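Taking it in order: structure first as structure tokens, then the write-up.
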Amino acid sequence: MFYGALVSADFGVFDPVNTAVAAGPGTTATASQTNNAAFLQGGDQIAGIGGSGGDHNFAGGYGAGGGAASLVFTGDNHAGSGGNGTFFGSLVDVNVAIYSPINIAIAGAGGTAHADQTNNVLFSQGSTQIAGVGGNGRSFNMASDTIFTGGGTAGTGGDGHSVGSMVGVNVRYFEPVNIAVRAGGTAEAQQVDHVLYDQHSLQMAGGRRQRGPFQSRRRDPRRSRP
């Protein structure tokens, strides 16, 4: 059971600046820039998950000797059942990445300005949010009862309850700038950009796990009948 909030906030900034300035006749200004940037921003948030029931469990309502003191008049027997998962609150995952390279070459009168820029950028922003999932019911469990009111269960999956909100927000900026300025000469501005955006989100809430295999529920033949 979980009460509260889980918050994951990632903020990345990459802002390179490359400047070449030449003044006077016959001068040359060259600005070359190569940038490789990888923004790996991901979050895994898990809250309110029920525990799994173990294997090879036994729940009995009477002792080995069959004494009357071991009888259960009201109640239940549970063997290998998964616990309930309960979540109250909010899950928030916010990723912000800013990539803004600037490349400037300025030459004076009669000069030559070259501005070359190559950018390789990877934005990998993903989140996994899981809340309020019941636990697994496991295998090879047996519930045997001598219960006058109630019953026996074995290997049952727990219930999942989720009350609240799950929010996944991914924001990215890619703003390359390449400038070449000359007077009376030759200006060249070349720019090559390779950008990959991988933004995904997985959200799960309020799921119920399945009953495990190979279960047994046995009644004591001495159980009272109406």
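Here the working numbering is used: position 212 in the sequence shown is 203, and no number is missing along the way. Glycine included, every Cβ here is placed at the ideal spot set by N, Cα and C. Just so we're clear, the structure is a prediction, and the values are computed from it rather than from any experiment.
Between residue 111 and the set 156, 165, 159, the nearest pair of CA atoms involves 165.
Rounded to whole angstroms, the Cβ separation of residue 16 and residue 98 is 10 Å, and the two are not in contact under 8 Å. Counting along the chain, residue 86 sits inside the beta strand (DSSP E) bounded by residues 76 to 90. Taken through DSSP and simplified to helix, strand or coil, residue 1 comes out as strand. In the three-state scheme derived from DSSP, where H, G and I count as helix and E and B as strand, residue 6 is classed as coil. By the neighbour-count definition (other C-beta atoms within 10 Å, threshold 16), residue 82 is a buried residue. When DSSP states are grouped into helix, strand and coil, residue 98 belongs to the strand group.
Contact annotation, residue 86 with residue 120: C-beta distance approximately 13 Å; criterion of less than 8 Å not satisfied.
The straight-line gap separating the alpha-carbon atoms of residue 170 and residue 27 is approximately 20 Å. C-alpha of residue 24 to C-alpha of residue 88: approximately 20 Å in a straight line.
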